[in-house]
Amino acid sequence: MLDQNEYLIASLKQVSNDIAHDMRRPLARMRQNLERAIGAHGPSDTMHEQVECAIEDLDAALEIFSSLLKLAQLESGAWNNEMEPLDPARLLESVLEPYRSVIEDNGQRLETEIIPACPTVTGHPVLLRQAFSNLIENAVRHTPDQTTITATIMLSDKTITIEIADNGPGIPDEAMLRVFDRFVRLDTSRTHDGNGLGLTMVKAVVQLHRGTIVLSHNNPGVRCIVKLPIEL
Ligand SMILES: Nc1ncnc2c1ncn2[C@@H]1O[C@H](COP(=O)(O)OP(=O)(O)OP(=O)(O)O)[C@@H](O)[C@H]1O
Ligand SMILES: [Mg+2]
3 MLDQNEYLIA
13 SLKQVSNDIA
23 HDMRRPLARM
33 RQNLERAIGA
43 HGPSDTMHEQ
53 VECAIEDLDA
63 ALEIFSSLLK
73 LAQLESGAWN
83 NEMEPLDPAR
93 LLESVLEPYR
103 SVIEDNGQRL
113 ETEIIPACPT
123 VTGHPVLLRQ
133 AFSNLIENAV
143 RHTPDQTTIT
153 ATIMLSDKTI
163 TIEIADNGPG
173 IPDEAMLRVF
183 DRFVRLDTSR
193 THDGNGLGLT
203 MVKAVVQLHR
213 GTIVLSHNNP
223 GVRCIVKLPI
233 EL
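Residue numbers (this note's numbering): 3 to 234.
What follows is the structure in structure tokens.
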């Protein structure tokens with residue numbers, strides 16, 4: 003009980019620190035934009051543009067807020083009582099579907115190997131869906147055109163293995179563990195959108211399902227291996 007309380011307090015502190023640190027930039031920009039809007043003496047459409055920019059920044063800040071709060075909930079074990087039996091293979095297929103056209107438009111390729119009859123796991127459909135789509139999103143967003151992305155589901159013993167791999171630029175050794183931390187984005191990804199919270203969220207969701215997640219080299223590229231127990 004005491005351990006759990008200490009953990010919750012530490013987690014809350016971490017969230018507060020992260021918010022204080024990382025919200026400063028979008029909030030400062032929003033303030034600047036609003037100030038410009040108030041001081042603008044130009045035509046009304048200038049005012050409109052400034053306010054729209056401010057709203058975009060506000061949306062970005064709110065997205066970070068809600069992700070951090072969700073992470074804190076996940077790490078404290080909330081959602082545990084919202085689990086239900088589900089088929090992870092069908093869930094992965096439905097997550098992949100909307101990405102097919104994006105991948106094609108990007109000049110990338112998607113290959114899948116998904117077992118037709120998959121045992122059920124006890125899981126949270128919304129959270130697992132988000133975890134799978136974060137991994138696919140990473141493979142799409144952090145790799146160039148011509149990249150092949152593979153999504154695989156395999157069954158071994160009492161474990162379902164979900165693997166999302168790509169043959170893109172990969173992640174250097176020193177960052178393989180660090181990318182799971184909040185707000186970590188490697189220099190090569192600075193030009194892309196993103197808050198560096200996707201993998202933190204995936205890890206928290208996998209751990210809630212008593213699973214494991216490991217990143218490894220795909221020579222070239224990244225292999226992300228998620229293992230979920232069939233019997234919880
Ligand atoms: N498949 C990949 N190939 C290369 N680099 C990757 C890959 N997946 C993740 N990364 C690196 O790890 C970093 C952290 O990933 P993470 O998903 O946590 O954040 P993000 O994708 O930048 O933002 P978001 O919060 O929108 O997910 C990325 O910014 C990128 O530098
Ligand atoms: Mg991501």
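Note that the Cβ used here is the ideal one computed from N, Cα and C, for glycine as well.
Sub-9 Å separation of residue i and residue j beta-carbons
i: L210; j: L76; result: yes
i: I155; j: L94; result: yes
i: E86; j: H126; result: yes
i: M203; j: S69; result: yes
i: T150; j: E115; result: no
i: H144; j: S103; result: no
i: R26; j: D59; result: no
i: T214; j: V208; result: yes
i: L166; j: R225; result: The amino acid occupying residue 166 in the given sequence is Ile; Leu does not appear at that position. Yes, the pair counts as a contact, with Cβ atoms nearer than the cut-off.
i: Y101; j: E139; result: yes
i: G172; j: G109; result: no
i: S135; j: V97; result: yes
i: A80; j: L29; result: no
i: T193; j: D168; result: no
i: P121; j: L179; result: no
Residue i, DSSP secondary structure in three states
i: K160; result: coil
i: L234; result: In this predicted model, L234 has a pLDDT of only 49, less than 50, meaning its place in the structure is not dependable enough to derive any value.
i: G196; result: coil
i: A62; result: helix
i: T127; result: For the record, residue 127 in the displayed sequence is Pro; it is not Thr. It is helical.
i: S13; result: helix
i: A74; result: helix
i: T150; result: strand
i: R184; result: coil
i: R212; result: coil
i: D168; result: strand
i: C226; result: strand
i: E8; result: helix
i: P87; result: strand
i: T114; result: strand
i: H144; result: coil
Residue environment, residue i, which counts as buried when at least 16 other CB atoms sit within 10 Å
i: L234; result: Only weak support is given to the placement of L234: the predicted model assigns it a pLDDT of 49, under 50, and the value that follows is read from those uncertain coordinates. Answer is exposed; the Cβ neighbour count stays below 16.
i: N82; result: exposed
i: I117; result: exposed
i: G170; result: buried
i: V128; result: exposed
i: D5; result: exposed
Close-in-space but distant-in-sequence residues of the same chain around residue i (CB under 6 Å, 5 per side omitted)
i: Q52; result: N35, R38 and A39
i: K229; result: T161, T163, G213 and T214
i: G251; result: Because residue 251 is not part of the residues shown, which for the chain are 3 to 234, the question remains open.
Sequence-distant residues of its chain with Cβ nearer than 8 Å to residue i (five each side left out)
i: A177; result: V186 and L188
i: L130; result: L88, P90, L93, V207 and H211
i: M49; result: A39 and A42
i: M21; result: Contrary to the premise, residue 21 reads as Ile rather than Met in this sequence. Only I66, F67 and L70 meet the Cβ criterion.
Sequence-distant residues of its chain with Cβ nearer than 7 Å to residue i (five each side left out)
i: D183; result: T202
i: T24; result: A small correction: the amino acid at residue 24 is Asp; Thr does not occupy that position in the sequence shown. Result list for D24: I66 and F185, in chain order.
i: Y13; result: Position check: residue 13 holds Ser in this sequence, whereas Tyr was assumed. Cβ within range, chain order: A74, E77 and S78.
So which residues put a beta carbon under 5 Å from any heavy atom of ligand 2, going in chain order? Every residue passing the under-5 Å Cβ criterion appears here: N140 and G200.
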